[in-house]
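Undergrad: Residue numbers (our numbering), protein chains in the order written: chain A, 1 to 447; chain B, 448 to 915; chain C, 916 to 1171. C-beta atoms are modelled at their ideal positions from N, C-alpha and C, and glycine is treated no differently. Bear in mind that the values here come from a model prediction, so they are computed numbers and not experimental data.
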Amino acid sequence: MFKIAFRNVLRNGRRSLMTASAIAVGATALILFGEYNGTAVIGMQTGMVQGMGHLSVFKQGYFEFGSARPLEYSIGGYDAVIRLIEDDPVLKPMLAVVTPTISLGGIAGNARLDQSKTFFGTGFVPSDRDKMNRWDEYKLNPDGNFAKSGLRDDVIDHGVIGKGLARILGLCQPLKLKDCRTPPRPASRAVVDEPVPAGEKSPRIDLLSGAGGAPSIVAFYVNEARGMPAKEFDDAYVGMHIKLAQQLLYGAGEKKVSAINIQLKRSEDMAAARARLNALFAGHRLRLEVRDFKELVPSFNQIIGFLQVLFGFLSVILGIIVLFTIANTMGMSVMERTSEIGTARAMGVRRSGIRRQFLLEGAILGVFGASAGVVLGIVATWCINHAGITYTPPGNASPIPLYLFTHHNEGLMFGIWLVLVVMATLATIIPANRAARMKVVDALRHV
Amino acid sequence: MMLFKIAFRNILRNGRRSLMTASAIAVGSIALILFGEYNDFVFLGLTMQNVMYGGHLSVFQKGYFDFGSGNPAAYSISNYRQVMTLIEDDPVLKPMVHVVTPAVSLFGIAGNFAIDASKTFYGAGYVPSDRDKMRHWDEYGLRSPGYVFPPLGLTDKDVNRGIVGMGLARVLGLCEALKVPNCPPTPKQKESVVRNAPPASVDLAELAARDRVPAAETTDASAPRLDLLSATANGSPNVVSFYVNEAQSQGAKELDDVFVGMNLKLAQELLYGRGEHKAVSIVIQLNRTEDIEKARTRLNALFAGHKLPLEVHDFKELNAGYLQIVDFLTVMFAFLSVIMGVIVVFTAVNTMSMSVMERTNEIGTARAMGVRRSGIRRQFVIEGLMLGMIGATAGVILGTLIAIWFNHAGIMYTPPGQARPVPIRLLTGDYGLLLKVWISLVLIATVGSLIPAGRAAKMKVVDALRHV
Amino acid sequence: MRNVLIGFAVAAVLAAGARAEPSGQQIIAQVNTSRTPGHPFRVTDYLTEYMNGQPHDTMRIVVFVKQNRETQEYDNLIKYLEPARDVGKLILFNGTNMWFYDPSSKASVRISPQQRLLGQASNGDVATVNLARDYSAKLVGEEKLLDADRVNRDCWHLDLKAATDQAVYSRVEYWVEKGTYRQVKGKFYSDSGRLLKIAYYHKYEKLLGSDMPTETIVIDAVNQNLVTTMAVSDLRNQEIPDSWFQRDFLPRLKLD
Chain A
1 MFKIAFRNVL RNGRRSLMTA SAIAVGATAL ILFGEYNGTA VIGMQTGMVQ
51 GMGHLSVFKQ GYFEFGSARP LEYSIGGYDA VIRLIEDDPV LKPMLAVVTP
101 TISLGGIAGN ARLDQSKTFF GTGFVPSDRD KMNRWDEYKL NPDGNFAKSG
151 LRDDVIDHGV IGKGLARILG LCQPLKLKDC RTPPRPASRA VVDEPVPAGE
201 KSPRIDLLSG AGGAPSIVAF YVNEARGMPA KEFDDAYVGM HIKLAQQLLY
251 GAGEKKVSAI NIQLKRSEDM AAARARLNAL FAGHRLRLEV RDFKELVPSF
301 NQIIGFLQVL FGFLSVILGI IVLFTIANTM GMSVMERTSE IGTARAMGVR
351 RSGIRRQFLL EGAILGVFGA SAGVVLGIVA TWCINHAGIT YTPPGNASPI
401 PLYLFTHHNE GLMFGIWLVL VVMATLATII PANRAARMKV VDALRHV
Chain B
448 MMLFKIAFRN ILRNGRRSLM TASAIAVGSI ALILFGEYND FVFLGLTMQN
498 VMYGGHLSVF QKGYFDFGSG NPAAYSISNY RQVMTLIEDD PVLKPMVHVV
548 TPAVSLFGIA GNFAIDASKT FYGAGYVPSD RDKMRHWDEY GLRSPGYVFP
598 PLGLTDKDVN RGIVGMGLAR VLGLCEALKV PNCPPTPKQK ESVVRNAPPA
648 SVDLAELAAR DRVPAAETTD ASAPRLDLLS ATANGSPNVV SFYVNEAQSQ
698 GAKELDDVFV GMNLKLAQEL LYGRGEHKAV SIVIQLNRTE DIEKARTRLN
748 ALFAGHKLPL EVHDFKELNA GYLQIVDFLT VMFAFLSVIM GVIVVFTAVN
798 TMSMSVMERT NEIGTARAMG VRRSGIRRQF VIEGLMLGMI GATAGVILGT
848 LIAIWFNHAG IMYTPPGQAR PVPIRLLTGD YGLLLKVWIS LVLIATVGSL
898 IPAGRAAKMK VVDALRHV
Chain C
916 MRNVLIGFAV AAVLAAGARA EPSGQQIIAQ VNTSRTPGHP FRVTDYLTEY
966 MNGQPHDTMR IVVFVKQNRE TQEYDNLIKY LEPARDVGKL ILFNGTNMWF
1016 YDPSSKASVR ISPQQRLLGQ ASNGDVATVN LARDYSAKLV GEEKLLDADR
1066 VNRDCWHLDL KAATDQAVYS RVEYWVEKGT YRQVKGKFYS DSGRLLKIAY
1116 YHKYEKLLGS DMPTETIVID AVNQNLVTTM AVSDLRNQEI PDSWFQRDFL
1166 PRLKLD
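1) Would you please state the rounded distance, in angstroms, between the beta carbons of Gly123 of chain A and Thr99 of chain A? I believe it to be under 8 Å.
2) Within a Cβ cutoff of 8 Å, which residues of the same chain sit near Gly27 of chain A, ignoring the five residues on either side of it in sequence?
3) Determine the chain B residues that contact Val487 of chain A at a beta-carbon separation under 8 Å, and present them in chain order.
4) Name the residue from C:Gly1094, C:Gln987, C:Tyr1115 and C:Ser1027 whose alpha carbon lies nearest to the alpha carbon of Lys1102 of chain C.
5) I want to see whether chain C comes within less than 8 Å of Val218 of chain A, judged by CB atoms only; does it?
6) Does the beta carbon of Asn681 of chain B sit closer than 8 Å to a beta carbon anywhere in chain C?
7) Using only the alpha-carbon positions, how far apart do Glu224 of chain A and Val1147 of chain C sit?
8) In chain A, what lies closer than 7 Å to Arg1025 of chain C by C-beta?
9) Please list the terminal residues of the continuous beta strand (DSSP E) segment that includes Asn685 of chain B.
10) Does any residue of chain D bring its CB to less than 8 Å from the CB of Val1142 of chain C?
11) How many Å lie between Gly555 of chain B and Gly517 of chain B at the Cα?
12) Using a C-beta cutoff of 8 Å, does Pro184 of chain A count as contacting chain B?
13) Compare the C-beta of Tyr769 of chain B with all C-beta atoms of chain A and state if any pair is closer than 8 Å.
14) Is Thr325 of chain A helix, strand or coil when you go by DSSP?
15) Can you tell me the Cα-Cα spacing of Ser1037 of chain C and Arg1031 of chain C, whole angstroms?
16) Is there a Cβ from chain C that is less than 8 Å from the Cβ of Leu208 of chain A?
17) Kindly indicate if chain B contains any beta-carbon less than 8 Å away from that of Lys139 of chain A.
18) Rounded to a whole number of angstroms, what is the C-alpha to C-alpha distance between Gly708 of chain B and Gly609 of chain B?
19) Helix, strand or coil for Glu737 of chain B, going by three-state DSSP, please let me know.
20) Is there a Cβ from chain C that is less than 8 Å from the Cβ of Ala166 of chain A?
21) Apply the 10 Å Cβ neighbour rule to Gly1039 of chain C and answer buried if 16 or more other Cβ atoms are within range, or exposed otherwise.
22) Grab the span of the alpha helix (DSSP H) containing Asp1080 of chain C for me, first residue to last.
23) In angstroms with no decimal places, state the Cα-to-Cα distance between Asn983 of chain C and Asp1135 of chain C.
24) Have a look at Ala108 of chain A and Thr118 of chain A and give me their C-alpha separation to the nearest angstrom.
25) Is Asp761 of chain B close to chain C? Criterion is C-beta to C-beta, closer than 8 Å.
26) Starting from Gly105 of chain A, trace the beta strand (DSSP E) both ways and give me its first and last residue.
27) Please classify Ala699 of chain B: does DSSP put it in a helix, a strand, or coil?
28) So what's Gly43 of chain A in DSSP terms, helix, strand or just coil?
29) In this structure, does DSSP put Leu1141 of chain C in helix, strand or coil?
30) For the stretch 980-1000 of chain C, list every residue whose C-beta sits within 7 Å of some C-beta in chain A, in sequence order.
31) Which residues of the stretch 536-568 of chain B have a Cβ closer than 9 Å to any Cβ of chain C? Give them in chain order.
32) Would a C-beta distance cut-off of 8 Å place Lys1076 of chain C and Arg1086 of chain C closer than the cut-off?
33) Which first and last residues belong to the beta strand (DSSP E) in which Ala1114 of chain C is found?
34) Pull the bridge partners of Pro592 of chain B from the DSSP assignment, please.
35) Measure from the alpha carbon of Met543 of chain B to the alpha carbon of each residue in B:Leu765, B:Arg735, B:Thr861 and B:Met836, then state which is nearest.
36) Under a three-way DSSP split, which group does Ile260 of chain A fall into?
Shown next, in the form of structure tokens:
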């Protein structure tokens, strides 16, 4: 049966080629889009994992109530917790970076202009942050252009602020920012004009904050001002060394942290790592909770959902086209082989036999087309990845190369292949039925 | 004319093939139309969400955008009502404008001190009736006719009542009262106690009790109460009572954790106190989005002419997330459009060439009868053109019908950055799109028949005649 | 301590002798004069914050006060003495603007009223203000009132309305004991009309030749679990140079 169907397919060479190629193009399109979908998701995920790691450990209750009383939900004795995590035999092989961070807020002041502004920001370990930025499980950045934290481990009082904050504090000129206006001077009597020291590389601001009681102030030297995606963030962000944040918040008292960020080598270990962490904490009676980056950034799932809807919509449209093309061509094929069908029937082939034969031909065409499509998809992917196109995904400040992600693609490609073969077969049903139902006499008489 | 008649008859004669070709073109145009309308829906939907709730343009005191962050009182608009009248009465702006409304934004501390819970909040003060009017804006016809708006949660009359974000409700222990899902158990506060402090010289509890306002006076049985604290511009601490009607999700978690939506008058009371009650911004919603630049130019001229220190920003500048998402989607849809375009071209050309190839025999006959090569080509091009027109027209009509049917199916999706899902509504009114698709497909059909026709025409007559 | 306690630091010098029924403004002028001698002075305050009746936080500060010749407002320089971790920190307050100074970094940051409320610097804001200048007082009547020690006092009931933009409270109610001109109780209202704080003044002693309440009890009317007591000691006249109240001079300040 197969042999006959196969030969029939070859016999109607041209038509078969056309049909199969329609299927192939459809398959390629779906594969490319599926890969793009995956890339967008992976791109977002990479950005988040680079910034905050896979999992974050907090004091129990932080996620729900930490926004109101952040300092009450700090982790004390965090050094011991970090060691506990790093030494654990189950977790050890999975870990890439384990690092403490502090979230804090306060008032930032530029003494020279007597300007001040509430700030909120993060204290982190610069070398750990740089290491986290280099995470690239999916090899999206083969050239190694990774973001830098802008800070150094050995220099505690230097750091980074948002461009908006720089502007509001009147640091436009010292930081050589473009497109930057200077704020009006506030009216106050108790200010004596001081000349600006020439050639000061990192302008100084003062940060005021505290964890209770009277606040403290530390001197902070701004290495650079960076544009942040959201304006509220841009107008308030300060990125500092964790030791400075601790000095500011706790002075000589017990030093705590807001969270311990954990970055794993492979994202698929996330569930296992989380379970192990929870068990570890329960075992040591530590009142700590673990959250993953998707919980901490709810828009992640939103965007995934959005892309899925898009993918679904597109697939439906492409599916319709493919279905139609096949039905069309098979229908034409049936028409033109009417006399052949009549002959076959006259020779004793049953209706079901005719039907089966056409269905088989449709299936074979589907297989050819889908397979060709998969191959074409691989080739097209390779071409796009080496074409050097760049684009800017949401959440990024600058464009990155368009690089279609092919890791673990087999599932996607097989899925598309299978769906198209099935659809090709299904599309053949109606014309096959029509062929089967032909009256033998009329068929034989057909020209 | 003769050519057209012949072409038409040819089309009718090759009924089956013509039908197949025309339907391939029709399906191609349907695909492009549906995709294009979905594209429109997503982009315009984003614009619509922003404009519905934030208007097209906002007027601020000069310097607010650069320096006003966290300091609204210092960058407020004096005599805002006069400015509003100026805008509303201007002959150029009047026909363009749908709503002009004042707004106040401020930061403060919200407290539910009965359970010792307090949290910094971000307050948006607005005029409820104006906001309701703004919500009804629907330039693109994206809203289904039977759509019922969820309640605003505020009225013009009840100045002390409003809404909060769900995250804020949870943190301040209003979960149960406002029926917010996923209520965490309220934590037990452990206040630190100072040892060895000298005992108080009097009974503090008794002293405080003398002036304590009985709970009944301050609570409203129907709505839980919050204290909103802030500082006015001249340094006075200020506090107002705020009764929460309901908790409404605000989309982004950062906003949901701090949001308080209140009546403009209450916000002004809190932020300006006994000083002049100003506005932080004047929000303008236009009838049509395309008038944004015209309106902006006119506003700037108006303010310059009256020497008013005001600046104008549009919703894209105020909403960085919007531009980011639009850029991302633009790239994605461009990518997809290319893919779709390739497929449609391919299918159409495929079908057309198949159809032409099958008539090789006929071509050979015509050539044998004396028709020149160019004549053959011309004939097929015209046939292609006509089939293209028929197919494209059918596609446009069918595509519109399918879109209408799809819209009635009411499939929901949540746009990125929004709190609530909306039904997908394909934009059937985009005539520009329909025209573009129609023209493109007619072109494709015409070109698509040219190449195989050329090939067939170049065939040796003898071979063409022998073709099966 | 997150409360804003403006206007409660008191230094009182009392003129003896009752007169014929005075007007509200006269009473307030008298109270004000007794609170704020014409001479610059210093005073030590010990504050205790109670949450739900339990002492939650304590601090000891010394306040230097001098009336500003130009504005007639009082410049306040506050220095922390206790707790140990805050020793040497300063707050400069000139009636409208506030700066916080940290000796460990020799840096000062300006604090706006908004930031005072929301930021980390809303503690121990204890400053002297010019009651007579900032408020217009009306005598509402006479009442018998229980003071902090449950002693009945015959009081003038005064209603004060803010007369300048600098006035922190929109409205204040004062109960002043007839004849002695001692403040007994005060109620402080926000611009919106809501009661913000209640103050009781007691433990009067003769200091620097005047009758002064050496303890003030402040009850937070918004967060009703919060009560703060302020005990005053070591009130002295002192020559204070103008330069002490300038932000840029703070790092060079040598206070004993």
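TA: This is what the structure gives:
1) For the purposes of this step, residue 123 of chain A is identified with residue 123 of the first sequence, where counting begins at 1. For the purposes of this step, residue 99 of chain A is identified with residue 99 of the first sequence, where counting begins at 1. Actually they do not touch by this definition, with Cβ atoms about 11 Å apart.
2) As a position in the first sequence, residue 27 of chain A is number 27, starting the count at 1. Note on residue identity: the sequence assigns Ala, not Gly, to residue 27 of chain A. If we look at Ala27 of chain A and ignore the five residues flanking it on each side, its Cβ neighbours are Gly369, Ala370, Ala372, Gly373, Val374, Leu376, Gly377, Ile416, Trp417 and Leu420.
3) Examination of residue 487 of chain A is not possible in this model, given that chain A is present from 1 through 447 alone.
4) Mapped onto the third sequence, residue 1102 of chain C falls at position 187. Here the closest residue by C-alpha is C:Tyr1115.
5) To locate residue 218 of chain A, count along the first sequence from 1; it is residue 218. So yes, Val218 of chain A belongs to the interface.
6) In the second sequence, residue 681 of chain B corresponds to position 234, counting from 1. Closer than 8 Å to some Cβ of chain C, the Cβ of Asn681 of chain B qualifies, so yes.
7) In the first sequence, counting from the first residue as 1, residue 224 of chain A sits at position 224. In the third sequence, counting from the first residue as 1, residue 1147 of chain C sits at position 232. CA-to-CA, the gap between Glu224 of chain A and Val1147 of chain C works out to about 48 Å.
8) Here residue 1025 of chain C is taken as the residue at index 110 of the third sequence, counted from 1. Near Arg1025 of chain C (Cβ distances below 7 Å), the residues of chain A are Gly109, Asp114 and Ser116.
9) One-based indexing of the second sequence puts residue 685 of chain B at position 238. Unbroken beta strand (DSSP E) run through Asn685 of chain B: Pro684 to Ala694.
10) Note that chain D does not occur in the displayed structure, where the protein chains are A, B and C.
11) Counting from 1 along the second sequence, the entry for residue 555 of chain B is found at position 108. Counting from 1 along the second sequence, the entry for residue 517 of chain B is found at position 70. For Gly555 of chain B and Gly517 of chain B, the gap between their C-alpha atoms comes out near 10 Å.
12) Counting from 1 along the first sequence, the entry for residue 184 of chain A is found at position 184. True, the Cβ-Cβ gap to chain B drops below 8 Å.
13) As a working note, residue 769 of chain B is residue 322 in the second sequence. It does not; no Cβ of chain A falls within 8 Å.
14) Looking up residue 325 of chain A in the first sequence gives position 325. For Thr325 of chain A, the three-state secondary structure derived from DSSP is helix.
15) For the purposes of this step, residue 1037 of chain C is taken as the residue at position 122 of the third sequence. For the purposes of this step, residue 1031 of chain C is taken as the residue at position 116 of the third sequence. Low local confidence applies: a pLDDT of 42 at Ser1037 of chain C is under 50, so the model's placement there is unreliable, with the coordinate-based value given in what follows. Going from the Cα of Ser1037 of chain C to the Cα of Arg1031 of chain C covers about 5 Å.
16) Looking up residue 208 of chain A in the first sequence gives position 208. Yes, because at least one Cβ of chain C sits closer than 8 Å to the Cβ of Leu208 of chain A.
17) What you label residue 139 of chain A is simply residue 139 of the first sequence in a count that begins at 1. Chain B contact via Cβ: absent.
18) Residue numbering aside, residue 708 of chain B sits at position 261 when the second sequence is read from its first letter. Residue numbering aside, residue 609 of chain B sits at position 162 when the second sequence is read from its first letter. If you take the alpha carbons of Gly708 of chain B and Gly609 of chain B, they lie about 6 Å apart.
19) Numbered from 1 along the second sequence, position 290 holds the residue referred to as residue 737 of chain B. Under the three-state reduction of DSSP, Glu737 of chain B is assigned to helix.
20) Taking the first sequence and counting its residues from 1, one reaches residue 166 of chain A at position 166. For Ala166 of chain A, no CB of chain C lies under 8 Å from its own CB, so it is not counted at the interface with that chain.
21) Within the third sequence, residue 1039 of chain C is the residue found at index 124, counting from 1. Reliability of the predicted coordinates at Gly1039 of chain C is poor, the pLDDT of 36 falling under 50, and the value obtained from them is presented with this limitation in mind. It counts as buried.
22) Numbered from its first residue, the third sequence carries residue 1080 of chain C at position 165. Premise fails: Asp1080 of chain C is in no alpha helix (DSSP H) and is neither H nor E.
23) To locate residue 983 of chain C, count along the third sequence from 1; it is residue 68. To locate residue 1135 of chain C, count along the third sequence from 1; it is residue 220. Going by C-alpha positions, Asn983 of chain C is about 30 Å away from Asp1135 of chain C.
24) Stepping through the first sequence from its first residue, residue 108 of chain A is reached at position 108. Stepping through the first sequence from its first residue, residue 118 of chain A is reached at position 118. Computed Cα separation, rounded: 6 Å.
25) By 1-based counting over the second sequence, the position of residue 761 of chain B is 314. No, Asp761 of chain B does not count as interfacial toward chain C.
26) Sequence index remark: in the first sequence, residue 105 of chain A carries index 105 (1-based). Where Gly105 of chain A is concerned, the enclosing beta strand (DSSP E) starts and stops at Leu95 to Asn110.
27) Taking the second sequence and counting its residues from 1, one reaches residue 699 of chain B at position 252. Residue state, collapsed to three classes: coil.
28) As a working note, residue 43 of chain A is residue 43 in the first sequence. The three-state secondary structure of Gly43 of chain A, taken from DSSP, is helix.
29) Numbered from its first residue, the third sequence carries residue 1141 of chain C at position 226. In the three-state scheme derived from DSSP, where H, G and I count as helix and E and B as strand, Leu1141 of chain C is classed as strand.
30) Correct list: Tyr995, Pro998 and Arg1000.
31) Taking 9 Å as the Cβ-Cβ cut-off against chain C, the residues of the stretch 536-568 of chain B that qualify are Leu553, Phe554, Gly555, Ile556, Gly558, Phe560, Ala561, Asp563, Ser565 and Thr567.
32) Taking the first residue of the third sequence as position 1, residue 1076 of chain C is located at position 161. Taking the first residue of the third sequence as position 1, residue 1086 of chain C is located at position 171. With respect to Arg1086 of chain C, Lys1076 of chain C sits close: the two C-beta atoms are nearer than 8 Å.
33) For the purposes of this step, residue 1114 of chain C is taken as the residue at position 199 of the third sequence. Counting along the chain, Ala1114 of chain C sits inside the beta strand (DSSP E) bounded by residues Leu1110 to Leu1122.
34) For the purposes of this step, residue 592 of chain B is taken as the residue at position 145 of the second sequence. Note: Pro592 of chain B is not bridge-paired with any residue in the DSSP secondary-structure output.
35) On the second sequence, position 96 is the one that residue 543 of chain B refers to. That would be B:Arg735, whose Cα lies nearest to the Cα of Met543 of chain B.
36) In the first sequence, residue 260 of chain A corresponds to position 260, counting from 1. For Ile260 of chain A, the three-state secondary structure derived from DSSP is strand.
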